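Following the working numbering, the numbering of the sequence shown begins with 1 at its first residue and continues without gaps.
Notes follow once the structure below has been shown.
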Amino acid sequence: MAVSQNHSAFDGKPVAPAILLSLGHGVTHYTFGTLVILVPFIKQALELTYTEAGLIVAVFHISGFFANFATGLAVDMSGRRIVFMVLSALICGATSLALGLSSTLFLICIATGFMAIGVQGWHPPAFAYLAEEYEKAKGMVFSIHVVCANIGEALAFQIGGLVVALLGSWQLAAIAGSVPGFLVALAMLIMLLPKERTARAGQGGDMGLGDYISGYIRLLKNMPAMMVCMVSALRTMAQNGLLVFIPLYLIDVLCVSAALMGTAMLLMQVTGGVATPVGGYTADRYGPRPVLFVCITITSVAIVGATLVTDPTAYIVCISLVGFVLFAIRPVLQRWIVDLVPNEFRGSATSVMFSMQAAANAVTPVVGGWIADTYGMLHVFYFLAAVMLAANFLTVLLPKNNPADIPAE
């Protein structure tokens with residue numbers, strides 16, 4: 001059935017593009033989730049230190065920082081959303097395959113760096129496309145988009161852990177993780193790319209470089225938007241720190257099995273997926289600021305509280321709570337940023353948000369690894385709780401009214 005013939009309650013717009021893009025988002029996070037779940041096993045196989053293991057993830061985020069800026073510029077200047085999403089999915093598949101064929105830390109870091117281009121390069125074109133196509137239903141489509149990201153990472157944690165447990169090979173788990181990227185790229189080529197070509201045939205020329213630069217400067221001067229980006233960066237910094245160090249803590253400190261570790265990370269993602277629409281609904285009803293304040297506060301307390309737990313089952317319950325409140329924040333911030341900027345700069349605004357996140361995330365694995373090597377694993381979680389407290393401080397400084405009502409210029 002053609003994409004244009006599938007309709008939903010999303011303001012009468014076709015549902016198939018939103019679902020396909022959400023599945024694609026899930027695939028990019030499946031790719032990243034596979035990397036995260038394999039880090040403990042790569043560390044053991046190559047006899048790495050915590051700092052070296054953290055370096056693998058740091059390389060991902062450093063590369064992602066530059067990928068976000070480049071993709072945002074290319075997307076907004078060219079207007080080609082679908083093409084860049086297809087490339088993103090293809091890169092995810094190819095780099096997962098390359099990771100599985102790597103045997104040294106150097107080669108793993110190279111594969112991881114290119115992997116970030118695929119994973120992070122998805123966000124600017126996807127959010128710009130969804131905001132443009134579903135202008136009156138952004139909250140709904142963004143929630144679905146984010147939920148699929150949680151599902152993608154949850155499946156990666158479970159499948160990756162099971163493959164390692166059953167076959168004893170992290171390389172095979174990485175190679176298996178390449179398949180979804182290729183499948184989504186093929187589906188988008190068939191279903192959405194022809195539609196984009198038709199739409200562009202009736203449009204004017206692309207944005208000039210001079211217009212883009214002047215608009216980008218105005219974007220960076222938009223203080224409410226930049227503050228939202230900073231809060232988002234700190235939140236994601238804590239999130240990815242947890243994704244990196246919780247598996248290491250479960251394996252090295254609590255000595256759980258690979259399968260149980262995968263299940264624990266699965267539950268964290270599942271509760272986060274449940275929380276996503278809850279966060280969007282409560283933000284629509286009560287405003288984003290109180291939702292952020294409550295969720296960030298609970299996250300900080302829960303992270304510290306989990307360090308007092310030594311029973312694996314109880315610890316899994318604690319991190320499930322962390323996942324619920326931490327992931328509830330994500331769609332609220334993503335909706336904010338596209339509402340604060342002109343339509344033609346939504347890709348760039350998204351790229352700024354995710355680039356700031358990538359920059360913050362690049363620090364977390366290395367600093368966290370150094371803290372773990374020097375002071376012990378528990379101190380890593382104290383550090384992450386402090387990061388969330390810093391995010392809460394910035395939240396207090398955000399305008400009390402909905403930032404979406406503040407003019408973009």
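Note that CB positions come from ideal geometry on N, CA and C, so glycine has one too.
Keep in mind the model is a prediction, meaning the values are calculated, not measured.
- C-alpha of Phe69 to C-alpha of Val270: approximately 30 Å in a straight line.
- For Tyr382, the uninterrupted alpha helix (DSSP H) run begins and ends at 377 to 397, by DSSP.
- Rounded to the nearest whole angstrom, the CA to CA distance from Phe157 to Leu101 is 20 Å.
- Setting aside the 5 residues that flank it on each side, Phe245 is surrounded in the same chain by Gly368, Val380, each with a C-beta closer than 6 Å to its C-beta; the list follows chain order.
- Contiguous alpha helix (DSSP H) elements confined to the segment 252 to 308 occur at 258 to 286, 288 to 306, taking only those with 4 or more residues.
- No Cβ-Cβ contact shorter than 8 Å links Leu183 with Val86.
- Here Ser300 is near Leu389, since their CB atoms are less than 8 Å apart.
- Counting along the chain, Tyr129 sits inside the alpha helix (DSSP H) bounded by residues 123 to 133.
- Taking the C-beta atoms as reference points, Gly262 is found nearer than 8 Å to Gly161.
- Excluding its 5 nearest sequence neighbours in each direction, Gly215 has C-beta neighbours in its own chain below 6 Å: Phe345, listed in chain order.
- Rounded to the nearest angstrom, the gap between the Cα atoms of Ala128 and Ser22 is 13 Å.
- Residues of the same chain with a CB within less than 8 Å of the CB of Leu90, apart from the 5 flanking positions on each side, are Gly118, Gly181, Phe182, Ala185 in chain order.
- Distance between Ala238 and Pro312, taken at the CA atoms: about 21 Å.
- Secondary structure of Leu101 (DSSP, three-state): coil.
- About 5 Å separates the Cβ atoms of Ile62 and Ala362, confirming a contact at the 8 Å cut-off.
- In this structure, Leu397 lies away from Tyr315, with their beta-carbon atoms at least 8 Å apart.
- The beta carbon of Ala149 sits closer than 7 Å to those of His25, Gly26, His29, all from its chain and outside the five residues before and after it, given in chain order.
- The straight-line gap separating the alpha-carbon atoms of Thr307 and Leu378 is approximately 6 Å.
- Closest option to Val231, judged by alpha-carbon separation, among Gly121, Val75, Met353: Met353.
- Residue Ala360 holds the alpha-carbon nearest to the alpha-carbon of Phe60 among Ala360, Ser178, Val332.
- Restricting attention to alpha helix (DSSP H) runs no shorter than 4 residues, the segment 141 to 217 encloses them at 170 to 176, 179 to 191, 193 to 201, ordered along the chain.
- In this chain, Leu48 is not harboured by any alpha helix (DSSP H), its DSSP state being neither H nor E.
- In this structure, DSSP gives Pro342 a state outside helix and strand, which the three-state scheme calls coil.
- Ranking Ala349, Lys13, Phe383 by CA distance to the CA of Asp76 puts Ala349 first.
- Annotation for Gly323: the continuous alpha helix (DSSP H) segment containing it runs 312 to 328.
- Judged by their CB atoms, Leu243 and Ala391 are not nearer to each other than the 8 Å cut-off.
- Scanning its chain for C-beta atoms nearer than 7 Å, with the 5 sequence neighbours on each side dropped, one finds around Gly347 the residues Gly72, Val75, Asp76, Pro124, Pro125, Ala128, in chain order.
- Residue nearest to Leu266 within the set Thr95, Met140, Trp122, Leu155 is Leu155 (criterion: CA-CA distance).
- Counting only residues of its own chain and dropping the five nearest sequence neighbours on each side, Ser169 has no CB closer than 6 Å to any other CB.
- Counting other Cβ atoms within 10 Å of its Cβ, Leu167 stays below 16 and is therefore classed as exposed.
- Distance from Val309 to Cys318 at the Cβ level is roughly 6 Å; contact confirmed, criterion being Cβ atoms closer than 8 Å.
- The C-alpha of Phe293 lies about 40 Å from the C-alpha of Ala94.
- Relative to Phe327, the option among Met268, Phe65, Ile110, Leu219 whose CA is nearest is Met268.
- DSSP, reduced to helix, strand and coil, places Arg335 within a helical segment of the structure shown.
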